[in-house]
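Peer 1: Residue numbers (this note's numbering), protein chains in the order written: chain A, 288 to 364; chain B, 288 to 364; chain C, 5 to 152; chain D, 5 to 152.
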Amino acid sequence: MIRVNYFARLRELAGKGQETLERDTMTVQELLDWAEETYPGFGKDDIQVAVNEEYALLDDVIQSGDECAFIPPVSGG
Amino acid sequence: MIRVNYFARLRELAGKGQETLERDTMTVQELLDWAEETYPGFGKDDIQVAVNEEYALLDDVIQSGDECAFIPPVSGG
Amino acid sequence: MKPFEVIESPINPQQYADYVLHAGAGAVTLFTGHVREWTHGVRTVYLAYEAYVPMAEKKLAEIGAEMEAKWPGVKVAIAHRIGELHISDIAVVIAVSSSHRKAAYEANEYAIERIKEVVPIWKKEIWEDGEEWLGAQKKYPSKGEESI
Amino acid sequence: MKPFEVIESPINPQQYADYVLHAGAGAVTLFTGHVREWTHGVRTVYLAYEAYVPMAEKKLAEIGAEMEAKWPGVKVAIAHRIGELHISDIAVVIAVSSSHRKAAYEANEYAIERIKEVVPIWKKEIWEDGEEWLGAQKKYPSKGEESI
Numbered sequence: 288m289i290r291v292n293y294f295a296r297l298r299e300l301a302g303k304g305q306e307t308l309e310r311d312t313m314t315v316q317e318l319l320d321w322a323e324e325t326y327p328g329f330g331k332d333d334i335q336v337a338v339n340e341e342y343a344l345l346d347d348v349i350q351s352g353d354e355c356a357f358i359p360p361v362s363g364g
Numbered sequence: 288m289i290r291v292n293y294f295a296r297l298r299e300l301a302g303k304g305q306e307t308l309e310r311d312t313m314t315v316q317e318l319l320d321w322a323e324e325t326y327p328g329f330g331k332d333d334i335q336v337a338v339n340e341e342y343a344l345l346d347d348v349i350q351s352g353d354e355c356a357f358i359p360p361v362s363g364g
Numbered sequence: 005m006k007p008f009e010v011i012e013s014p015i016n017p018q019q020y021a022d023y024v025l026h027a028g029a030g031a032v033t034l035f036t037g038h039v040r041e042w043t044h045g046v047r048t049v050y051l052a053y054e055a056y057v058p059m060a061e062k063k064l065a066e067i068g069a070e071m072e073a074k075w076p077g078v079k080v081a082i083a084h085r086i087g088e089l090h091i092s093d094i095a096v097v098i099a100v101s102s103s104h105r106k107a108a109y110e111a112n113e114y115a116i117e118r119i120k121e122v123v124p125i126w127k128k129e130i131w132e133d134g135e136e137w138l139g140a141q142k143k144y145p146s147k148g149e150e151s152i
Numbered sequence: 005m006k007p008f009e010v011i012e013s014p015i016n017p018q019q020y021a022d023y024v025l026h027a028g029a030g031a032v033t034l035f036t037g038h039v040r041e042w043t044h045g046v047r048t049v050y051l052a053y054e055a056y057v058p059m060a061e062k063k064l065a066e067i068g069a070e071m072e073a074k075w076p077g078v079k080v081a082i083a084h085r086i087g088e089l090h091i092s093d094i095a096v097v098i099a100v101s102s103s104h105r106k107a108a109y110e111a112n113e114y115a116i117e118r119i120k121e122v123v124p125i126w127k128k129e130i131w132e133d134g135e136e137w138l139g140a141q142k143k144y145p146s147k148g149e150e151s152i
């Protein structure tokens, strides 16, 4: 089970802040592809993925129990 | 009558903060020369003169009634 | 207070300046980023900030560690507020102390640049006639350039 | 308070930050210069600051005008304290607001450089075993470089 978090524009698009995927492992790229397919207009090319609160690479493997987050371009400050 | 003000090291050297010279006019250079002679160790080469709260040039003429100040190298901040 | 934090209540900047001050500090720089009324000729009614709080606090602390590595001897505190912010409210505060002034200025400016690059915090502008999440520099280059 | 002043009482920095804040300001930088305990391996007991007060306030205001000319839209307040200052006391505060952050950082740093060049204020360091008026950069180059 993989937990994913949505923020800002993506939270509004998904209509939720969090959900869980019943998967044992997947790559970051696979997670982004899944999100783009599930939520048209997701815009995966501009989105980074954090795994356990750290930015991840597209090839990184997500394990069951990991906490993921989609990070659209930040605008703090 | 020209009023002159001393600060910091120069105030301690002159033993006073202020005095008046019974002169009608003099140049800034003449004022510095007078000070060096009157207070040995004055160090006129490192000192600027302000006339009426503005930095003056060596050739500027001081008039009776002007307020002058010897400005040793500043160290605010 | 925590030296690196995301908070929902109004920011008291003096608290962070006090935190970084110590007997060896000759200079303290305190930067505050405020909600301003007009951006690109559009009047802002308020801003809504959102964060991935645990990761944002971790990233703020990492920025502090980067600063201490680049400018040895600096002491740092950073806080970012989230929620609804109105005109002139403080969104972010950065406090830096150092023995000499140059490091305090440089490190402080470095911090705000890094916050805008890596800390998962997002800002939505709410105008009288609309709203928009900011941050997509690729799509809105003029906004990216002109954010505080 | 006056926006450009020399005062004898403790400086409250927030007062100056509040003064420069307005609805168009997106960034405020607040610099405070503090008395630090150790300089060049010598322990400072306290500092005594002295000023040619009317000229110093005039020069501070001129520096503010220079800043407004160089960075249009900035708003500035500067105060310098005189008298006996002890470890961590604030000697000088510089508050700058601007719509965007870059001007607020640059203008603030410009102010402290100019203060050290043209404002008639002098500092005497009092140590456990002596004292010295600072400022003669030609005679004490290492001190000139390392003052805050």
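For glycine and all other residues, C-beta sits at the position ideal for the given N, C-alpha and C.
By alpha-carbon positions, which one of His26(D), Trp137(D), Ile119(D) and Ile130(D) ends up nearest to Val10(D)?
Peer 2: When only C-alpha atoms are compared, the closest one is Ile119(D).
Peer 1: In chain D, which residues lie with their C-beta within 8 angstroms of the C-beta of Phe329(B)?
Peer 2: Within chain D, no residue comes near Phe329(B); the closest Cβ sits about 13 angstroms away, beyond 8 angstroms.
Peer 1: Using 8 angstroms as the limit for Cβ to Cβ distance, is Ile358(A) near chain E?
Peer 2: Within the model displayed, chain E is absent; protein chains A, B, C and D are what it includes.
Peer 1: Quick test of the definition: if touching needs 3 or more C-beta pairs under 8 angstroms, does the segment 73-85 of chain D touch the segment 103-121 of chain D?
Peer 2: They touch, by the three-pair rule.
Peer 1: Measure from the alpha carbon of Val315(B) to the alpha carbon of each residue in Gln305(B), Arg296(B), Tyr342(B) and Glu306(B), then state which is nearest.
Peer 2: Of the listed residues, the one whose Cα sits closest to Val315(B) is Tyr342(B).
Peer 1: Taking buried to mean at least 16 other C-beta atoms within 10 Å of its own C-beta, is Ser146(D) buried or exposed?
Peer 2: Confidence in Ser146(D) is poor, its pLDDT being 41 and thus under 50, which makes the residue's placement too unreliable to answer from.
Peer 1: Is it true that the CB of Ala322(A) sits closer than 8 angstroms to the CB of Tyr56(C)?
Peer 2: Not closer than 8 angstroms, so no.
Peer 1: Between Thr33(D) and chain B, is there a C-beta pair that is closer than 8 angstroms?
Peer 2: Output row for Thr33(D): interface = no.
Peer 1: Of the choices Ser13(D), His44(D), Gly28(D) and Ile116(D), whose alpha-carbon is the least far from that of His90(C)?
Peer 2: Measuring from the Cα of His90(C), the nearest candidate turns out to be Gly28(D).
Peer 1: Using a C-beta cutoff of 8 angstroms, does Val123(D) count as contacting chain B?
Peer 2: Taking Cβ atoms only, chain B reaches closer than 8 angstroms to Val123(D), which makes this a yes.
Peer 1: Give me the residue from Gln350(B), Arg290(B), Asp320(B) and Thr312(B) with the minimum Cα distance to Glu306(B).
Peer 2: Looking at the Cα atoms, Arg290(B) is the closest of the given residues.
Peer 1: Are Ile98(D) and Ile82(D) close, meaning C-beta to C-beta below 8 angstroms?
Peer 2: In this structure, Ile82(D) lies closer than 8 angstroms to Ile98(D) by Cβ.
Peer 1: Rounded to whole angstroms, what is the Cα-Cα separation between Gly45(C) and Trp131(C)?
Peer 2: C-alpha separation (whole angstroms): 11 angstroms.
Peer 1: Report the three-state DSSP secondary structure of Glu61(C) (helix, strand or coil).
Peer 2: It is helical.
Peer 1: For Gln350(A), I'd like the list of residues in its chain whose CB is within less than 6 angstroms of its CB, leaving aside the five on either flank, ordered along the chain.
Peer 2: Counting only Cβ-Cβ distances below 6 angstroms, and skipping sequence neighbours, we find Thr312.
Peer 1: When the cut-off is 8 angstroms and only beta carbons count, does Val361(A) lie next to chain C?
Peer 2: True, the Cβ-Cβ gap to chain C drops below 8 angstroms.
Peer 1: Have a look at His84(C), Glu136(C) and Glu117(C) and flag the residue whose alpha-carbon is nearest the alpha-carbon of Met5(C).
Peer 2: Looking at the Cα atoms, His84(C) is the closest of the given residues.
Peer 1: Mind checking whether Leu25(D) and Ser103(D) have CB atoms under 8 angstroms apart?
Peer 2: No; because the gap between Cβ atoms is not below 8 angstroms, this pair is not in contact.
Peer 1: Strictly by DSSP, which residues pair up with Tyr50(C)?
Peer 2: Beta-bridge pairing links Tyr50(C) to Ile130(C).
Peer 1: Would a check of beta-carbon distances place Gly28(D) closer than 8 angstroms to chain C?
Peer 2: Chain C, which has a Cβ nearer than 8 angstroms to the Cβ of Gly28(D), makes this yes.
Peer 1: So, does the CB of Ala301(B) fall closer than 8 angstroms to a CB anywhere in chain D?
Peer 2: No, its Cβ sits nowhere closer than 8 angstroms to a Cβ of chain D.
Peer 1: Of the residues Met71(C), Glu121(C) and His38(C), which one's Cα is nearest the Cα of Glu88(C)?
Peer 2: Out of Met71(C), Glu121(C) and His38(C), His38(C) has the C-alpha closest to the C-alpha of Glu88(C).
Peer 1: Could you work out which residue in Val32(C), Thr36(C) and Trp137(C) is closest to Gly30(D) when comparing CA atoms only?
Peer 2: The residue with the shortest Cα to Cα distance from Gly30(D) is Thr36(C).
Peer 1: Under the rule that 16 or more other beta-carbon atoms within 10 Å means buried, what is Gln335(A), buried or exposed?
Peer 2: Looking at its Cβ environment, which holds 16 or more other Cβ atoms inside 10 Å, Gln335(A) is buried.
Peer 1: Give me the chain C residues within the contact set of Tyr109(D), using Cβ-Cβ distance strictly less than 8 angstroms, ordered along the chain.
Peer 2: Within 8 angstroms Cβ-Cβ: Phe35, Tyr109, Asn112 and Glu113.
Peer 1: Output, in chain order, the set of chain A residues within a Cβ distance shorter than 8 angstroms of Pro3(C).
Peer 2: Lying before the first or after the last residue shown, residue 3(C) is absent from chain C, which here runs from 5 to 152.
Peer 1: List the residues that DSSP assigns as beta-bridge partners of Gln350(A).
Peer 2: Bridge partners of Gln350(A): Thr312(A).
Peer 1: How far does the beta strand (DSSP E) with Leu297(B) in it extend, from its first residue to its last?
Peer 2: That residue, Leu297(B), is in no beta strand (DSSP E); its alpha helix (DSSP H) goes Ala295 to Ala301.
Peer 1: Any heavy atom of the ligand SAH closer than 7 angstroms to the CB of Ala21(D)?
Peer 2: Of ligands this structure carries none, so the ligand SAH is not represented either.
Peer 1: Using the Cβ count rule (16 or more neighbours within 10 Å means buried), how would you classify Met71(C)?
Peer 2: With 16 or more Cβ atoms within 10 Å of its Cβ, Met71(C) is classed as buried.
Peer 1: Check Arg105(C) in the structure and name its three-state DSSP category.
Peer 2: Arg105(C): helix per DSSP, three-state reduction.
Peer 1: Does Ser13(D) have its Cβ less than 8 angstroms from a Cβ in chain C?
Peer 2: No, Ser13(D) lies away from the interface with chain C (no Cβ there is under 8 angstroms from its Cβ).
Peer 1: Check Trp75(D) in the structure and name its three-state DSSP category.
Peer 2: Of the three classes helix, strand and coil, the one that applies to Trp75(D) here is coil, per DSSP.
Peer 1: Relative to the C-alpha of Glu309(B), which candidate in Leu318(B), Asn339(B), Asp333(B) and Ala301(B) has its C-alpha closest?
Peer 2: Closest option to Glu309(B), Cα to Cα, is Leu318(B).
Peer 1: Just confirm the distance between the C-beta atoms of Ala65(C) and Phe8(C), as a whole number of angstroms; I'd bet it's less than 8 angstroms.
Peer 2: Rounded, the Cβ-Cβ distance is 4 angstroms, consistent with contact.
Peer 1: For a cutoff of 8 angstroms on Cβ pairs, would you count Leu344(B) as touching chain D?
Peer 2: No, because no Cβ of chain D sits closer than 8 angstroms to the Cβ of Leu344(B).
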